[in-house]
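Numbering of the sequence shown is given in numbering that gives the first Met the number 0, commencing with residue 0 and proceeding in unit increments.
Heads up, the beta-carbon is just placed ideally off N, CA and C, and yes, glycines get one too.
To start, the structure under review is shown below, and the notes come after it.
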Amino acid sequence: MIFRGSVVVQLILVAALAAQVAPPSMAADAPAGQAGTDGNSYFPLTAGTIWKYLVSSEMNDKAEKPYVQTLTAGAGVTSEGKTLLPLGDEVYLVKEDGVYLYGHREGDGKVQALDEPRKIVSAKPHTSEAWSASGKGESTYSTCLGSQSIKTEAGDFTTQCVFSSTAIGADAATTRSISRYFARGVGLVRETVSEKIKKPDGTLSIRETTRDLIAFIPIRAGATTAPSPAARSTTGPSGGNGVAVEKLLVEGRKLAAEGNARGALGKFAEAVAADPKLAMPHAYKAMAHAALGQGGEAINESDLAVRIDGSDSAVWEAAGRVRIALNQVDRGRAMFDKAAQLAPTRAGTIYMDLAAALAARNEPKLAGDVEAALKLAAAADPPSADALFQLGQSYANAGKAEGKAYLQRYVAAADKLPASERDAQKIQVAKQMIRALDILDSAKGR
């Protein structure tokens, strides 16, 4: 993230960006035994969350060209009965005691599992805690070194440092040392890797790599798990047993939010059986099928939901989510457009949900589509406050003047919300970024 102007101005702006508060679900340590399926407080993996890192490397003391790495947490996937959370090309498994690297995703999306999951960080890391892992000719020993203060371009952080040492090969011809610094509510703030390879002639080849956090863009928990509910009766056109169906839908949504797509599918199937003439149970059942990779069943259920009640915006939105999850992006976007047409007063929320669904694909080529969806959400009447904030933050992050207008609109929109719905800290961050942009503009004018 590079801005023109004085270093002081740059630091003011990045400090304001770093002050954004993580979603409530990531704000505190996960209770023991309740790590959840979106990671834990030191390794949050809520779908749609974005991290940007500046990566710099040296090979035998010769510097290589640095680059910016963007990682986006994807929606949970199921493999061998386990719910896995993708982050870039890697997939993680959340256990009660922490987060584990489970394996990697191949080009076709299939998960290539490690010999055994490797623990990355504990749910509640503490000094001197240690663990080890081994597999395919290598062994790793990890220990928590305790609390350390770290400063990156994204701000100042209090972190827990986890140091890992890996020996590779029977004679340990290759050794790798990694120090990872995790901040609560943010995740990995800094990573330093030193890899030494012993050559046949006895000399060493040494690569040093550092990843520093330069931007963290969280997303509110639950934003990608279900369409926003329309204002309509659960009983729908059939006049069936709405209370029983609603109870099953609530239970199914809870399981889906926990990453248990198979359990959620069971509840939604029960809701369909209780009243097959209702659209929403079919819509939720379709999303559960999509989460399980059951494309045919997902499309059949979502199409059926649309046929049952094509006047319900939430039904169209669910159908759009299914199509996007199945990589039918154009078709899915058109369904979100239909939902917005049916419920113009909810268009801001609907297009914000579209942005989240697209971001969850974790595909760089969709970055423009995500931005376009955010702009539609911001242009709606009423606009999505979250879209205004994310656009303002993104443009401010890039040093673009239009970020100020979006942030000002966000502050104005937030002021109109009921007191219980206002995020005071987020409003404060927006105001800080506006002031930082003003300072940057003044510096440019000198």
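For the set Ala-411, Ala-412 and Leu-390, the Cα lying nearest the Cα of Gly-402 is the one of Leu-390. One thing to note: Pro-280 has its Cβ within 8 Å of the Cβ of Val-244. In this chain, the beta strand (DSSP E) harbouring Gly-97 covers 97-104. For Glu-207, the uninterrupted beta strand (DSSP E) segment begins and ends at 203-216.
Across the structure, Pro-363 and Leu-187 are spaced so that their CA atoms are roughly 21 Å apart. In this structure, Tyr-41 and Gln-147 do not form a Cβ contact; the two beta carbons are roughly 13 Å apart against a cut-off of 8 Å. In the structure shown, Thr-174 falls within a strand segment according to DSSP collapsed to helix, strand and coil. By the Cβ-count criterion, Thr-48 is buried, with 16 or more other Cβ atoms from all chains shown falling within 10 Å of its own Cβ.
Contact holds between the segment 73-83 and the segment 251-260, because three or more Cβ pairs, one in each stretch, are under 8 Å apart. Thr-82 sits in a strand when the DSSP states are folded into three classes. Assigned with DSSP and collapsed to three states, Tyr-350 falls in helix.
Residue Glu-316 holds the alpha-carbon nearest to the alpha-carbon of Met-286 among Ile-307, Glu-316 and Glu-269. Note on geometry: alpha-carbon atoms of Pro-382 and Ala-395 lie some 19 Å from one another. Your pair Ser-301 and Ala-272 does not check out as a contact, with CB atoms roughly 18 Å apart and the cut at 8 Å. Distance between Gly-73 and Ala-359, taken at the CA atoms: about 5 Å.
For the 8 Å CB-CB criterion, Ala-297 and Leu-264 do not form a contact. Apart from the 5 residues on each side of it in sequence, Arg-322 sits with its Cβ closer than 7 Å to the Cβ of Arg-330, Gly-331 and Met-334 in its chain, given in chain order. Note on geometry: alpha-carbon atoms of Leu-100 and Val-120 lie some 10 Å from one another.
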